[in-house]
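> Take a look at the following structure, please.
2 protein chains.
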Amino acid sequence: MQELDERKTRILNAIIRNYLDTGEPVGSRTISKYSDLNLSSATIRNEMSDLEELGYILQPHTSAGRIPSDKGYRFYVDNLMKEKDQEVTEMKEFMIEHTERMEQVLKQMAKVLAANTNYTAMITAPSYQRNKVKFLQLSQVDEEQLLAVIVTEGNLVKNKMISTREALDNETLLKLNILLNTSLNGLSAEQINLGTIARLKEQAGIHSNIVSDVLDALAGAFQEDEDLEVYTSGTTNILKYPELNDSQKASELLNAFEEKKQLVTLVNETLASQEQTGIQVYIGDESPIQNMKDCSVVTATYQLGEGMKGTIGIIGPKRMDYENVVDNLKTLKNQLDTVFQKKRE
Amino acid sequence: MQELDERKTRILNAIIRNYLDTGEPVGSRTISKYSDLNLSSATIRNEMSDLEELGYILQPHTSAGRIPSDKGYRFYVDNLMKEKDQEVTEMKEFMIEHTERMEQVLKQMAKVLAANTNYTAMITAPSYQRNKVKFLQLSQVDEEQLLAVIVTEGNLVKNKMISTREALDNETLLKLNILLNTSLNGLSAEQINLGTIARLKEQAGIHSNIVSDVLDALAGAFQEDEDLEVYTSGTTNILKYPELNDSQKASELLNAFEEKKQLVTLVNETLASQEQTGIQVYIGDESPIQNMKDCSVVTATYQLGEGMKGTIGIIGPKRMDYENVVDNLKTLKNQLDTVFQKKRE
DNA sequence: TGTTAGCACTCTTTATGGTTGAGTGCTAAC
DNA sequence: GTTAGCACTCAACCATAAAGAGTGCTAACA
Chain U
1258 MQELDERKTR ILNAIIRNYL DTGEPVGSRT ISKYSDLNLS SATIRNEMSD LEELGYILQP
1318 HTSAGRIPSD KGYRFYVDNL MKEKDQEVTE MKEFMIEHTE RMEQVLKQMA KVLAANTNYT
1378 AMITAPSYQR NKVKFLQLSQ VDEEQLLAVI VTEGNLVKNK MISTREALDN ETLLKLNILL
1438 NTSLNGLSAE QINLGTIARL KEQAGIHSNI VSDVLDALAG AFQEDEDLEV YTSGTTNILK
1498 YPELNDSQKA SELLNAFEEK KQLVTLVNET LASQEQTGIQ VYIGDESPIQ NMKDCSVVTA
1558 TYQLGEGMKG TIGIIGPKRM DYENVVDNLK TLKNQLDTVF QKKRE
Chain W
1258 MQELDERKTR ILNAIIRNYL DTGEPVGSRT ISKYSDLNLS SATIRNEMSD LEELGYILQP
1318 HTSAGRIPSD KGYRFYVDNL MKEKDQEVTE MKEFMIEHTE RMEQVLKQMA KVLAANTNYT
1378 AMITAPSYQR NKVKFLQLSQ VDEEQLLAVI VTEGNLVKNK MISTREALDN ETLLKLNILL
1438 NTSLNGLSAE QINLGTIARL KEQAGIHSNI VSDVLDALAG AFQEDEDLEV YTSGTTNILK
1498 YPELNDSQKA SELLNAFEEK KQLVTLVNET LASQEQTGIQ VYIGDESPIQ NMKDCSVVTA
1558 TYQLGEGMKG TIGIIGPKRM DYENVVDNLK TLKNQLDTVF QKKRE
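Chains U and W supply the protein sequences, listed in that same order.
Our numbering puts the first residue of the first sequence at 1258, with every later residue one more than the last.
Our numbering puts the first residue of the second sequence at 1258, with every later residue one more than the last.
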């Protein structure tokens, strides 16, 4: 039933591992010596011929060795790869502890990740789609400007300037603040519906226009999270890998990194299709982004409960040290989970 | 007295313009035909020989045409370049008008600039070193967290979370707010000295530790501006120019763009040495950044009075369309000046 | 004296062809 | 089923040649 018998599997494994190491097509003789199978190169050749027919490996040209195909990589990732036994490598925890701003943390993490793997790292802030308003305040900043400050459950702070025709007196301001807080506190973006809005406006009376503005601001704040920010690091690492370093491909890739839009689609795709395991590997064409068909992309989703998720990802050549990458992502994912857990308490 | 006579100047001009166009070394015959000097190639050759001796042009190798040296470019920029007659090209003004967040505006501008020029653009927010506190507010967000919101004259909003042992009652909060506002309002970072601080703490009584935290936050906010954010766009454009596209150089450059640190030194350098004209051209080695010795860097400083300055810059190959770049920078500079002028009113 | 035509020379670029070496596929023997 | 051996393929390398662009220099010319 099984497509590959024991021996073919071992040979395929040997081929891929060797190729990951060297980046050169690997020949029968190499496997014959390198592996502990004690088979002659001729035998290996026969097996390789079979493996090629089955689509696991391919030849760049007639008289070259074999390299893994996408199918080969897939088999490797699914079946052959050793998972490192999760020794909880405390990845510079202190850094995370002592930095306050989430943005900084994320940038820092991307950096560490890129440095550890030598590939390109990307990371997004957790998306606060279902985040709730925790605190809300209007302040008169000067004669014509009102400042709306919004704090969410996740302690994210957003602010928005609102221009007014004239200054509000203190009392009105206080009333509005109380009104807004009592009405909106604890609500998520979806929960603020037309009914809530109508009620609010009614209660605000002549200042309903200000309420409008605040709601706009609020919408803006939530919106802003939705087209989320993606932080990248080590983008130039891709230049280190000859298979990506032709000026055409490199340029396309780097562009994708600069124009974050494409990455956002990648992230969304990941969020949508994520299994429980939390680690997803896209090999070549499997990637949702066309430009990355010569790359592999490994992503992880970290979670904060209540549907608040963020994504970490690594982008590198197909010939990627999957074990190392997966390992790195796993520990980072764990760390993020706990870090944000702490923050929310 | 003059090093170059009329004819040499015209020849030099022709060489440089041609080279800017084609990127290929330009030979005597080309100039003989291309220019309106009506001289034979032989004569041009003689002149070129002189120009080379004087250091304005050089030969990549014996039997190639000539290319401009740094000195040649410098002469071109200083004396030969035509300034376009500043027709105020309204560069997508609406965009600026309708976007609220400075950050967005700047990113947008960088994008436009990069697209217009096909080089790499960088831009920094105006540095608020001497910016003044306009409004300040503490709010109790939840039991253990205080939110400090700081608004500066330029309507920049900063916020900082402060952890407290226990919640403050409303009255105390109000008092503290009044105290902080009356004491700090209108002060710039430098003006908040030990005296001010001591007085503040004294008046705060038992809550002096909170005042400390607020001041820290304030310092942080100002500090944050000092290691300023640099926005880049079109970083991959450099790959379009063969002279920069060898993997070594490109990698270094792209790295410099990713690690913004170096750009910051560039910005600071620019701010320091800026003349009244406001446009600065660094050619090759003149650049303060080592990595960019194969590039030219053109920067402009925009100003908001009171020492609040920001920088715009273009980085491209030495063989850069200086006229276009300078023109673009000038109009953008003007726009920024007026935009921010408006905003401050 | 300045300009120009002409020519030998230099040096890059491109093409050509031969050689090498790695690797394969196939056949025949074990 | 495994292996040794051999013919074959093909990229990579190298040397050599030819082409072409451009120069410097000399000598002639106005």
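Ideal Cβ placement from N, Cα and C applies to all residues, glycine included.
Below 8 Å on the Cβ atoms is my guess for Y1559 (chain W) versus L1363 (chain W); work out the distance and round it to an integer in Å.
The pair is not a contact, with the Cβ atoms about 11 Å apart (cut-off 8 Å).
> Only counting the same chain, and skipping five residues up and downstream in sequence, which positions put a Cβ closer than 7 Å to that of K1550 (chain U)?
G1541, D1542, S1544
> Determine, for A1507 (chain U), whether the minimum Cβ-Cβ distance to residues of chain W falls below 8 Å.
yes
> Helix or strand or just coil, what does DSSP make of S1253 (chain W)?
Since the first and last residues shown for chain W are 1258 and 1602, residue 1253 (chain W) lies out of range.
> With distances taken Cα to Cα, identify the nearest neighbour of V1390 (chain U) among U:L1433, U:F1514, U:V1524, U:L1472.
U:L1472
> Pick out whichever of W:L1496, W:I1495, W:Y1579, W:L1433 has its Cα sitting closest to the Cα of S1465 (chain W).
W:L1433
> Beta carbon of G1326 (chain U), beta carbon of G1567 (chain U): below 8 Å?
The sequence shown places Ser at residue 1326 (chain U), not Gly. No, the pair does not count as a contact, with Cβ atoms beyond the cut-off.
> Considering K1575 (chain U), what are the terminal residues of the beta strand (DSSP E) in which it resides?
Here K1575 (chain U) belongs to no beta strand (DSSP E), and DSSP marks it neither H nor E.
> Below 8 Å, how does it come out for the region 1421-1428 of chain U and the region 1395-1403 of chain U: are there three or more Cβ pairs, yes or no?
yes
> For D1473 (chain W), which of helix, strand or coil comes out of DSSP?
helix
> List the residues of chain U that K1391 (chain W) touches, going by C-beta distances under 8 Å, in chain order.
V1398, D1399
> Residues of chain W with a CB under 7 Å from the CB of N1412 (chain U): which are they?
By Cβ distance, chain W contributes M1418.
> Within the 8 Å Cβ cut-off, does L1404 (chain W) reach chain U?
yes
> I'd like to check one pair, L1520 (chain U) with A1513 (chain U): are the Cβ atoms closer than 8 Å?
yes
> Quick one: what's got a C-beta closer than 7 Å to Q1418 (chain U)'s C-beta in the same chain, skipping five residues either side?
First, the amino acid is wrong: residue 1418 (chain U) is Met here, not Gln. Correct list, in chain order: Q1402, L1404.
> Below 8 Å, how does it come out for the region 1322-1338 of chain W and the region 1270-1290 of chain W: are there three or more Cβ pairs, yes or no?
yes
> Kindly indicate which three-state DSSP category K1364 (chain W) falls into: helix, strand or coil?
helix
> Under a three-way DSSP split, which group does Q1397 (chain U) fall into?
Strand.
> With a threshold of 16 other CB atoms inside 10 Å of the CB of T1409 (chain U), please say whether the residue is buried or exposed.
buried
> Alpha carbon to alpha carbon, how far is E1360 (chain W) from T1439 (chain W)? Give it in angstroms, no decimals.
In this structure, the alpha-carbon of T1439 (chain W) lies about 30 Å from that of E1360 (chain W).
> Rounded to a whole number of angstroms, what is the C-alpha to C-alpha distance between L1510 (chain W) and D1278 (chain U)?
28 Å
> What's the gap between the Cα of L1457 (chain W) and the Cα of A1557 (chain W)?
41 Å
> For A1299 (chain W), report the span of its alpha helix (DSSP H) as first-last.
1298-1311
> Could you round the C-beta distance between Y1376 (chain U) and G1491 (chain U) to whole angstroms and report it? I think they count as a contact, below 8 Å.
7 Å
> Nearest by alpha-carbon distance to V1555 (chain U): which of U:V1583, U:Q1547, U:R1576 is it?
Among U:V1583, U:Q1547, U:R1576, the Cα nearest to that of V1555 (chain U) is on U:V1583.
> Spell out the partners DSSP gives R1323 (chain U) in its beta bridges.
U:V1283
> Could you name the residues of chain U that V1524 (chain W) contacts, counting a contact when the two beta carbons are closer than 8 Å?
Ordered by position in chain U, no residue passes the 8 Å Cβ test against V1524 (chain W), which lies about 19 Å from the chain.
> Please list, in chain order, the chain U residues whose beta carbon lies closer than 7 Å to that of E1515 (chain W).
T1492, T1493
> By Cβ distance, which residues of its chain are closer than 7 Å to E1304 (chain U), with the 5 residues on each side in sequence left out?
R1264, K1265, I1268
> Less than 8 Å between C-beta atoms, sequence neighbours within five positions excluded: which residues of the same chain meet that for Q1460 (chain U)?
L1436, S1440
> My output table needs one value for L1403 (chain U): the three-state DSSP class, helix, strand or coil.
strand
> Residues of chain W with CB closer than 9 Å to the CB of N1270 (chain U), please, in chain order.
Result: empty, since nearest Cβ-Cβ is about 32 Å, beyond 9 Å.
> Who are the near neighbours of I1449 (chain U) in its chain, counting only those whose CB is closer than 8 Å to its CB and skipping five residues on each side?
Setting aside the 5 residues that flank it on each side, I1449 (chain U) is surrounded in the same chain by L1441, L1472, L1475, each with a C-beta closer than 8 Å to its C-beta; the list follows chain order.
> Is the beta carbon of S1289 (chain U) within less than 7 Å of some heavy atom of the ligand NAD?
Only the bare structure without any ligand can be found here, which leaves the ligand NAD out of the picture.
> Is it a yes or a no for the region 1317-1325 of chain U touching the region 1281-1300 of chain U, going by three-plus beta-carbon pairs under 8 Å?
yes
> Checking contacts by CB at 8 Å: is S1292 (chain U) closer than that to chain W?
no
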